[in-house]
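This report refers to the structure that appears directly beneath it.
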Amino acid sequence: MMFRIQPAMLKIAAAAWLLGATSAMAADTTLEFTQWWEPELPSGSLRAIMNDFEAANPGIKVTLVSGPYATTRDQISVGAATGTLSDVVGLDGAWVNNLNAQGALADMNPMMDASGFDKTQVADIIKVDGKAVMFPVASFVYPVFVNLDLAAQAGVTKLPSTRAEFLEAAKKMTHADKNQYGWVLPLSLQSPSGVQNDLMSWVWASGQSMMADGKPALEAKPVVDMLTFVKSLNDAGVISPGIATKTEQEKVEEFVNNRVGMMIDSLAHVNLIRERNPKLNFDIIPVPVVENYNGKRGLPYASWGIGISASSKHQEEAWKLVQYLMSEKVNAKLVSLANAFPGNVNAKPDFVTSDKAFAKAFEIFKSGYLANEFTGLPVAEDLMTQFDVQAQKMLAGEQSPEEAAASAQKGWMAKF
Amino acid sequence: MTRQKRSHHKLKRAIAPYLYLSPALLIIGLLMLLPMVTVIGYSFQNSAVLRRDPSFAGLKHYQAIFADPVFWASLWHTLYFTCMSVVFHMTIGMVFALMLNSDRINPTLRNILRVLYILPWLFTAVIIAVIWRLLLEPNGVVNSVLMQMGIIGSKVEWFSSTATALHAVTFANIWAGYPLFMVSLLAGLQGIPKDFYEAADIDGAKAYQKLIFITIPQLMPIIISISLLDFIWTMQVFPLIWITTGGGPIYSTEVLSTYTYKLAFSSYNLSQASASAVVILLISLGLTLFYIRYQKAR
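Those protein sequence lines, which keep their order, are chains H and Z.
If you read the first sequence in the numbering used here, its first letter stands for residue 154, the second for the next number, and so on.
If you read the second sequence in the numbering used here, its first letter stands for residue 491, the second for the next number, and so on.
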């Protein structure tokens, strides 16, 4: 059978070609958005938010480049070095100093000024050398989780609010013969974030700082006191063994399995804890403070940050996407999906009304302030590793808290 | 044939082998030589990778790592980890290979053992690391068994104590790596002519004499080849150590691979990391040359 081209077919083909050609002429701007959030969110949810953004901003398309956290970090490091960083990038506060030193991040100050962006609506703006390089979009705060059953069995009726009360409660909850301990401290060098989440959080909770005038102040009282306190917990035998190689995942596992009474952990793990042990009876409290401290409590946090590439040819469009994600409603939607706290102070995520644990955590969040002094520091992970080694030496009995602080200070100063 | 034509023909013949080799040479050049040369180049630059216009640093980064006590500790740990691993891989591999080659063991049992003994080889480094972390954790099975047997009085923090961590991680690597020797030696054993043993039997040789004077000399080429390869591979082990201890506690299990990794991805000091990588390359290169010379001599 002979195939004949009909005139109608020709017309359709011509129309299709014309349509293609005209749309190519009025080409959309395609933004590339590299982040590690998509795999951590419910399937398709971040794409759905991007679709809404595209519908609200005709002419702008967003391509999501997603991967696990570590892969994204490496990808961003290479992109920054080679000038091929995506237009919009998901950022961890620990990376921004290095990326800024490479000139990879755009200063968002002029964009905020030009668009009349209300700076008071965001929880924080991360600045390096005066440049606004990152907004925390979603924050995962780190309160103390308490196993209420273990606490009740140990006769702990009042949940600890001060360090001294914490030590007492941890002692009561510890029964080494039953593999049960009061606290768990993960200081694995594989991922030294335990320094930030489980050690320095004690300093920030009491409104104190590990810095002074932009330089490390590890030999000052707040850090030395914290180390002394942690050493006292270790000397009392209330910390679950295996500190030097324990990871965050193992910390959560021990809590889930009723092997530790208290842990400092990300609120993002609440659902995971419930899934792993639906019967676990736990509560959330702020990180205990030094005696007689009544001020606002610093809440350690990790964040999903966002920034714009300095080499992006579409910075105007990229800023529209950043603004969109930081806007009240969209931010509330995103953080509700992530079980995180909002980057927009006016946003109220769904879960704080529907879930008691989150509601309580949200109150803690509202009454305190976000504190993570590693954000924006040079080679933050390296600083944590150095502090980690000194803390391990102290816990192994090789040096005093003062010596650990002095050694860490010396190492840190070399990096500043 | 004119003189010109003859020389043209000669040239074509001379070029032909290189043309046949060119695809392989191209792949080797792109995938192996280029990265190597690039890393060597980085080791002589300041702020390599991180800056688009890195300056020449000379030997500065090599001086920095040689002045770092952690580097020397890493080198010592690498040597201990590698030597112990190779010696025990060889010993255990030999024992198991002899066992699997023996006619005295029931064939069914031998087949079961063959599967069991090869199991560690089937696991990836990550799985092996997780298995040993679980087994050797303070509340793990190993402590429980040893305490019940009365061998230890209290829980040992195998991976978290500076006194035991390097031995523990070496032990895990020995467990993971002996099947290579076992399989290679088993193949070698099956290739030794039976006549040798029959002649030895006639001469009244004892079992250990047959092992020393027939089996081991016959297996020697395999033992040396596999030992050298194992030495090169074990020196570069990274995931097992990274996942079990992260190079800690303190620096007690820091090896050259974890030391280099931390320089690159924790300190973002890619220049020093490159210098450290070049040192590993040179050590590996020395062993490889030794291996090639040995192979040629055979």
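Don't be surprised by glycine CBs; every beta carbon is placed ideally from N, CA and C.
* Counting along the chain, where does the alpha helix (DSSP H) carrying residue 575(Z) start and finish? -> Looking up residue 575(Z) in the second sequence gives position 85. Residue 575(Z) -> alpha helix (DSSP H) spans 559-591.
* Just list the alpha helix (DSSP H) runs in the region 293-338 of chain H, keeping only unbroken ones of 4 residues or longer that don't cross its boundaries, in chain order. => 301-306, 316-326
* Asked: How is residue 500(H) classed by DSSP in three states: helix, strand or coil?
  -> Here residue 500(H) corresponds to residue number 347 of the first sequence, with the count starting at 1. Coil.
* Measuring alpha carbon to alpha carbon, tell me which of 606(Z), 535(Z), 677(Z), 634(Z) ends up nearest residue 330(H). => Numbered from 1 along the first sequence, position 177 holds the residue referred to as residue 330(H). Closest by alpha carbon: 634(Z).
* Counting only runs of 3+ residues fully inside the region 426-475 of chain H, write out the beta strand (DSSP E) ranges in chain order. => 435-438, 451-461
* To do: Take the Cβ of residue 226(H) as the centre, count every other Cβ of all protein chains shown within 10 Å, and call the residue buried at 16 or more, exposed below.
  => In the first sequence, the residue the question calls residue 226(H) occupies position 73. Residue 226(H) is buried by the Cβ-count criterion.
* Residues sharing a beta bridge with residue 185(H), DSSP -> Counting from 1 along the first sequence, the entry for residue 185(H) is found at position 32. In the DSSP output, where bridge partners are listed per residue, residue 185(H) has 216(H).
* Proximity to residue 601(Z) [Cα-Cα], best of 587(Z), 612(Z), 613(Z), 554(Z) -> Here residue 601(Z) is taken as the residue at index 111 of the second sequence, counted from 1. Comparing Cα-Cα distances from residue 601(Z) to each of 587(Z), 612(Z), 613(Z), 554(Z), the minimum goes to 587(Z).
* Contacts around residue 708(Z), its chain only, beta-carbon distance under 6 Å, and the 5 residues preceding and following it disregarded -> As a position in the second sequence, residue 708(Z) is number 218, starting the count at 1. Leaving aside the five residues that flank residue 708(Z) on each side, the residues in its chain whose CB is nearer than 6 Å to its CB run, in chain order, 682.
* Asked: Does residue 629(Z) have its Cβ less than 8 Å from a Cβ in chain H?
  -> Numbered from its first residue, the second sequence carries residue 629(Z) at position 139. Yes, contact with chain H.
* Note down, in chain order, all residues in the region 742-766 of chain Z with a beta-carbon under 7 Å from any beta-carbon belonging to chain H. => Under the 7 Å Cβ criterion, the region 742-766 of chain Z contributes 752, 756, 757, 758.
* To do: Count the other C-beta atoms from every protein chain shown that fall within 10 angstroms of the C-beta of residue 402(H), then say buried if there are 16 or more, exposed otherwise.
  => By one-based count along the first sequence, residue 402(H) stands at place 249. Flag for residue 402(H) reads exposed.
* To do: Go through its chain and collect everything with a Cβ distance to residue 471(H)'s Cβ below 7 Å, but skip five positions before and after it.
  => Mapped onto the first sequence, residue 471(H) falls at position 318. Taken in chain order, the residues that qualify are 184, 240, 241, 461, 465.
* **For residue 417(H), the first and last residue of its enclosing beta strand (DSSP E)** => Within the first sequence, residue 417(H) is the residue found at index 264, counting from 1. Counting along the chain, the beta strand (DSSP E) containing residue 417(H) begins and ends at 413-417.
* To do: Check residue 628(Z) in the structure and name its three-state DSSP category.
  => For the purposes of this step, residue 628(Z) is identified with residue 138 of the second sequence, where counting begins at 1. In this structure, residue 628(Z) counts as coil in the three-state DSSP scheme.
* Below 9 Å between beta carbons is the criterion; list the residues of the region 347-363 of chain H that meet it against any residue of chain Z, in chain order. => none
* To do: Alpha carbon to alpha carbon, how far is residue 547(H) from residue 554(H)? Give it in angstroms, no decimals.
  => Numbered from 1 along the first sequence, position 401 holds the residue referred to as residue 554(H). Numbered from 1 along the first sequence, position 394 holds the residue referred to as residue 547(H). Cα to Cα, the separation comes out at about 6 Å.
* **7 Å Cβ cut-off: residues of chain H touching residue 500(Z)** => Sequence index remark: in the second sequence, residue 500(Z) carries index 10 (1-based). Correct list: empty, because the minimum Cβ distance to chain H is about 47 Å.
* To do: Go to residue 733(Z), then tell me how far its alpha helix (DSSP H) extends in each direction, as first and last residue.
  => Position 243 of the second sequence, counted from the start, is the residue given in the question as residue 733(Z). 729-734 is the span of the alpha helix (DSSP H), which, as asked, contains residue 733(Z).
* residue 703(Z), buried or exposed, once every other Cβ within 10 Å from all chains shown has been counted against 16 -> Residue 703(Z) sits at position 213 when you count from the first residue of the second sequence. Looking at its Cβ environment, which holds fewer than 16 other Cβ atoms inside 10 Å, residue 703(Z) is exposed.
* Quick one: what's got a C-beta closer than 7 Å to residue 524(H)'s C-beta in the same chain, skipping five residues either side? -> In the first sequence, residue 524(H) corresponds to position 371, counting from 1. Result list for residue 524(H): 357, 451, 452, 453, in chain order.
* **For residue 612(Z) and residue 498(H), the rounded distance between their alpha carbons** => Translated into the one-based positions of the first sequence, residue 498(H) becomes position 345. Translated into the one-based positions of the second sequence, residue 612(Z) becomes position 122. Near 52 Å, if we compare the C-alpha coordinates of residue 612(Z) and residue 498(H).
* Exposed unless 16 or more other CB atoms sit within 10 angstroms - verdict on residue 494(Z) -> Within the second sequence, numbered from 1, the residue matching residue 494(Z) stands at position 4. Answer is exposed; the Cβ neighbour count stays below 16.
* Take every Cβ of the region 496-515 of chain H, pair it with every Cβ of the region 526-543 of chain H, and state whether three or more of those distances are shorter than 8 Å. => no
* Of the residues 207(H), 218(H), 270(H), the one placed nearest residue 186(H), counting alpha carbons only -> Start at 1 with the first residue of the first sequence, and residue 186(H) comes out as number 33. Nearest C-alpha to residue 186(H) among 207(H), 218(H), 270(H): 218(H).
* Run down chain Z in chain order and give the residues with a C-beta less than 8 Å from the C-beta of residue 546(H). => For the purposes of this step, residue 546(H) is taken as the residue at position 393 of the first sequence. Per Cβ cutoff of 8 Å: 740.
* Candidates 301(H), 199(H), 223(H), of which the one nearest residue 215(H) by Cα -> Translated into positions along the first sequence, residue 215(H) becomes position 62. Considering only alpha carbons, the answer is 199(H).
* Asked: Whole-angstrom Cβ separation of residue 408(H) and residue 492(H), contact assumed at under 8 Å?
  -> As a working mapping, residue 408(H) is identified with position 255 in the first sequence. As a working mapping, residue 492(H) is identified with position 339 in the first sequence. Contact doesn't hold; Cβ gap of about 17 Å is too wide.
* Does DSSP classify residue 638(Z) as helix, strand or coil? -> By 1-based counting over the second sequence, the position of residue 638(Z) is 148. Of the three classes helix, strand and coil, the one that applies to residue 638(Z) here is helix, per DSSP.
* To do: Compare the Cα-Cα distances from residue 399(H) to each of 370(H), 359(H), 343(H), 360(H) and report the closest residue.
  => Reading the first sequence from its first residue, position 246 is the one you call residue 399(H). Selected option, being the one with the closest Cα: 343(H).
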